[in-house]
Amino acid sequence: MTPTILTTQEKLSHLAFVLMEGCSCSSASASSSAQAIVVEGLGFSSIREATVHDIQLAFKQNQLTSRKLVEFYLKEIERLNPVLKGVLEVNPDALHLADQADHERNAKAPGSLSMLHGVPILVKDNIATRDKLNTTAGSCALLGSVVPRDAGVVTKLREAGAIILGKASLSEWSHYRSNGAPSGWNARNGQGKNPYTMGGPCGSSSGPAISVAANMAAVSLGTETDGSILCPCSCNLVVGIKPTVGLTSRAGVIPISQRQDTVGPICRTVADAVHVLDAIVGIDHNDNATIETSQYIPKGGYAQFLKADGLRGMRLGIVRENPVYHFKNDTIAKQTIEQHFNTLRERGAILVDNLKIANLGEIYSSSYEETALVAEFKICINSYLKELVDSPVRSLADLIAFNKENSELERLDYGQDLFLKAEATNGIGNAEKEALANLAKLTREGFVELMTKNKLDALVTPGNSVSCVLAIGGFPVVIVPAGYDSKEKPFGLCFGGLKGSEPKLIEIAYSFEQATEIRKPPKV
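Numbering (our numbering), first residue to last: 419 to 942.
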């Protein structure tokens, strides 16, 4: 499915914001404006909460078309997005692409049997698409800029037949402009909201998590440097896979750090996330890291590891130290977590409890990660901006100046301290090299030592506080809905492992999900 490509001026005139002022997320609004598409005989009454497997079965039985599916999601975006603000922009070509997918399916064209064929997907707005959509990281500075090509992962999604439904919102610049900006906020879209609590959605992949949680898309794609997939998935009761760094291409993704950035699926089920992962992994010669990391991709893909008995015989480590285990004072959350640990045991897992990560305190108290990231960000963002075909800004210095000149539009009262710190760096010098060496040492003597010494298949942790431990080493993790705390806020359970351990993590996460079935849709 070939996208239409626009010039800068044409792009600006084709902006497709969803701005239905006055719409409400109330139950009255839901009953009056939500138009569910009924699908008979498939075990679900509407498209809401439909899995990729459900959708493909409905396609096969001629009970659903991609056009009807896209129409449903567009109506849900129109109904919910004015309040939730999970979607930044919808693709004006979405219905055309849906018609094309229906034609290919009816003609039994090659590729039409792909699990993602004809399925609408939202991609985070730092992932480039060479079509009528903008790629801005939520900033007005990049409105109308023209990317040289689709991001590597978008190319693979199109090859799989997926429909790019639009761009999901995010914390502006993936929450790397300022520590003072609210998570889930950006200048183009405002403040995103968690559909369960109507509070903060966490970020930076807030939009993908909000959107799939509230059924504004079938599946979505996010990115993570440190916590940006795990945190919104935990808070919005959805599944996320943060792959081994380099397993999925970062080419065409607005960067923070090539050492830590990764692209992964955010979906309602583990199976859906795995189908997206299968579509986006693999070598991309625009990202050399994918060449070496491709050795981890199993022959036959990842879906083969969706096993209901996947927990049997797995060795799972439990660390009960702060900040990795931070629910000690929340009785309801603590009871829920202990019940889940019992479920893991009942399903045949071997739990190795009360483990210690030797240098956990130093990982969270040191400035090594920040020292490395600010320098890497300047290098990476300048490179990205210079490669754009057309752009009003070409450097980090330009971005800083734009924010000053447009202080109200960009809410400069939130600050741009991270931008300023990054601009003050001058490449990878002695301080940065020392920080990188210390991060490698902390990883080697901490998480890697824990996993290898105890022969663990995964580390199990509640919430997303383990993100830093896994981020600095480029390790994979799958997060699955786990329940609610005493304030009725959702949280997830993380299964993290060594590089390339996605097959085991998928087995573990899928088996846990099937045993617990925690996820319920929000009442919006």
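Think of the CB as a built atom: it goes at the ideal place given N, C-alpha and C, for glycine as much as any other residue.
Straight-line gap, T553 to S667 (C-alpha atoms, nearest Å): 17 Å
Three-state class that DSSP yields for C651 in the structure shown: helix
Own chain partners of H593 with C-beta closer than 8 Å, once the 5 adjacent residues on each side are dropped: A599, S601, G621, S622 and S646
Beta-carbon proximity of K737 to L773, cut-off 8 Å: With the sequence shown as reference, residue 737 is identified as Val, and Lys is not the correct amino acid for it. Result yes, Cβ atoms of V737 and L773 sit closer than 8 Å.
Span separating the alpha-carbon of I936 from that of E489: 28 Å
Own chain residues within Cβ distance below 6 Å of F837, not counting five before or after: R595 and I818
Classification of M634 by the beta-carbon crowding that lies within 10 angstroms, buried from 16 upward: buried
Opening and closing residue of the alpha helix (DSSP H) in which S885 lies: S885 to A889
Reduced DSSP category for R733 - H, G, I as helix; E, B as strand; rest coil: strand
Residues sharing a beta bridge with P997, DSSP: Residue coverage of the chain in this structure runs from 419 to 942, which leaves residue 997 outside it and unanswerable.
Alpha helix (DSSP H) segment containing N607, residue limits: Here N607 belongs to no alpha helix (DSSP H), and DSSP marks it neither H nor E.
With 16 other Cβ atoms within 10 Å as the buried cut-off, status of Q753: exposed
Option in P500, R523, E496 and V508 with minimal Cα separation from L482: R523
C-alpha gap between N740 and A858, whole angstroms: 22 Å
Runs of beta strand (DSSP E) wholly within the region 620-673 (minimum 3 residues, chain order): 637-642 and 657-660
Where A687 sits in the DSSP three-state scheme: It is Thr, not Ala, that sits at residue 687 in the sequence shown. If DSSP states are grouped into helix, strand and coil, T687 belongs with coil.
Segment limits, beta strand (DSSP E) that includes L769: I768 to L773
Environment of K941 [buried if 16+ CB atoms lie within 10 Å]: exposed
Which of helix, strand or coil DSSP assigns to T879: strand
Alpha carbon of K585 to alpha carbon of L513, nearest angstrom: 15 Å
Straight-line Cα distance separating L877 from A927: 12 Å
DSSP three-state assignment for V742, whether helix, strand or coil: coil
Limits of the alpha helix (DSSP H) - the one that P921 falls within: E920 to T934
Three CB pairs or more closer than 8 Å across the region 796-805 and the region 670-677: yes
Anticipated Cβ contact below 8 Å, N544 with A559, distance rounded: Contact flag wrong, Cβ pair sits at about 13 Å.
DSSP state of D705 mapped onto helix, strand, coil: strand
Classification of K542 by the beta-carbon crowding that lies within 10 angstroms, buried from 16 upward: buried
Rounded straight-line distance, which links the Cα of N848 to that of K907: 43 Å
Segments of 3+ residues assigned as beta strand (DSSP E) that fall wholly inside the region 531-564: 538-542
Boundaries (first-last residue) of the alpha helix (DSSP H) holding I473: V470 to K478
CB-CB length for E841 against T789, believed under 8 Å: With a Cβ gap of about 15 Å, E841 and T789 do not count as contacting.
Buried or exposed (CB count within 10 angstroms, at least 16 for buried), E794: buried
Coil, strand or helix - D808 by DSSP: strand
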